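Note that the sequence shown covers residues 263 to 384 in UniProt numbering. Glycine included, every Cβ here is placed at the ideal spot set by N, Cα and C. A quick note: this is a predicted structure, and the numbers were derived from the prediction, not measured.
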Amino acid sequence: GVRDKEPETLFDKIISGEIPATIVKEDDKMMAFKDINPAAPAHVLVIPKDRNGLTRLSKATKEQSEMLGHLMLTAGEIAADESLGFGNGARIVVNDGKSAGQEVFHLHIHVLGGREFTWPPG
Ligand code: 5GP
Numbered sequence: 263g264v265r266d267k268e269p270e271t272l273f274d275k276i277i278s279g280e281i282p283a284t285i286v287k288e289d290d291k292m293m294a295f296k297d298i299n300p301a302a303p304a305h306v307l308v309i310p311k312d313r314n315g316l317t318r319l320s321k322a323t324k325e326q327s328e329m330l331g332h333l334m335l336t337a338g339e340i341a342a343d344e345s346l347g348f349g350n351g352a353r354i355v356v357n358d359g360k361s362a363g364q365e366v367f368h369l370h371i372h373v374l375g376g377r378e379f380t381w382p383p384g
C-alpha cells in the first residue's frame with residue numbers, strides 16, 4: 263500500500279492487476295482470489311489491499327483490529343460459499359513466518375475446502 267515503506271510483494275501486483283488472478287470477492291479494503299497452486303479442491307486467499315506493514319500476523323497491531331476482523335469475516339463467508347466449492351467444512355489457516363510455510367510476506371488467510379482435513383496439521 264501507499265503508506266507502506268516495505269518492498270512491493272507479489273500480492274501488491276495482484277491488487278494492481280499487473281498479475282492476473284481469479285478474484286472471487288473484493289471491496290475497498292480486501293481482495294479474495296483463488297490460489298494458483300491449490301492445496302485443496304477449493305483454495306482461496308484473503309488479503310488486505312493496504313498491507314500497511316502487515317507482512318505477517320505476528321506483526322499486527324491494535325490499529326489493525328478492524329481490518330483483521332473484516333478479513334476473518336470474509337474468510338468465513340467464503341468458507342460457506344458452495345458456488346466456490348466450499349460449504350462442507352473448511353480449513354482456515356494463516357502461515358506466520360518462513361518455518362510455518364509463509365512465502366509471501368503480505369498477510370493472507372488461506373481458506374481451504376472441498377476435501378477432508380486431518381488434525382494436527384503437517
Ligand atoms: P504462503 O505460503 O505465503 O502462506 O502462501 C502463499 C500462497 O500464494 C501459496 O499457497 C501460493 O500457491 C500462492 N501464490 C503464489 N504465487 C501466486 C500467484 O501468482 N497467484 C496466485 N493466485 N497465488 C499465488
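For residue j and residue i, believed in contact at Cβ under 8 Å, the rounded distance
{"i": "Arg318", "j": "Phe367", "result": "6 Å"}
{"i": "Ile371", "j": "Leu333", "result": "6 Å"}
Residue interval of the alpha helix (DSSP H) (run including residue i)
{"i": "His372", "result": "Per DSSP, His372 belongs to no alpha helix (DSSP H); it is in the beta strand (DSSP E), 371-375."}
{"i": "Leu335", "result": "327-341"}
{"i": "Ile354", "result": "It is not in any alpha helix (DSSP H) - Ile354 instead sits in the beta strand (DSSP E) that spans 352-355."}
C-alpha gap between residue i and residue j, whole angstroms
{"i": "Pro300", "j": "Gly279", "result": "20 Å"}
{"i": "Val306", "j": "Lys324", "result": "26 Å"}
{"i": "Glu288", "j": "Pro382", "result": "31 Å"}
{"i": "Ala341", "j": "Ile354", "result": "8 Å"}
{"i": "Gly351", "j": "Lys311", "result": "27 Å"}
{"i": "Val308", "j": "Ile276", "result": "12 Å"}
{"i": "Met329", "j": "Arg313", "result": "10 Å"}
{"i": "Gly331", "j": "Ala337", "result": "10 Å"}
{"i": "Lys296", "j": "Ile285", "result": "7 Å"}
{"i": "Glu268", "j": "Leu335", "result": "27 Å"}
{"i": "Gln326", "j": "Asp343", "result": "26 Å"}
{"i": "Val264", "j": "Glu270", "result": "With a pLDDT of only 49 at Val264, under the threshold of 50, the placement of this residue in the model should not be trusted; the figure read from the coordinates follows. Approximately 10 Å, taken between the alpha carbons."}
Start-to-end residues for the beta strand (DSSP E) that takes in residue i
{"i": "Ile285", "result": "285-288"}
{"i": "Phe367", "result": "Counting along the chain, Phe367 falls outside any beta strand (DSSP E), and DSSP gives it neither H nor E."}
{"i": "Ile309", "result": "304-310"}
{"i": "Lys296", "result": "292-296"}
Contact check, residue i vs residue j, beta carbons under 8 Å
{"i": "Ala302", "j": "Leu374", "result": "yes"}
{"i": "residue 393", "j": "Gly376", "result": "With the chain covering only 263 through 384, there is no way to say anything about residue 393."}
{"i": "Gly363", "j": "Asn357", "result": "yes"}
Minimum Cβ-Cβ distance from residue i to chain C less than 8 Å
{"i": "Ile298", "result": "In the displayed structure, chain C is absent; only one protein chain is listed."}
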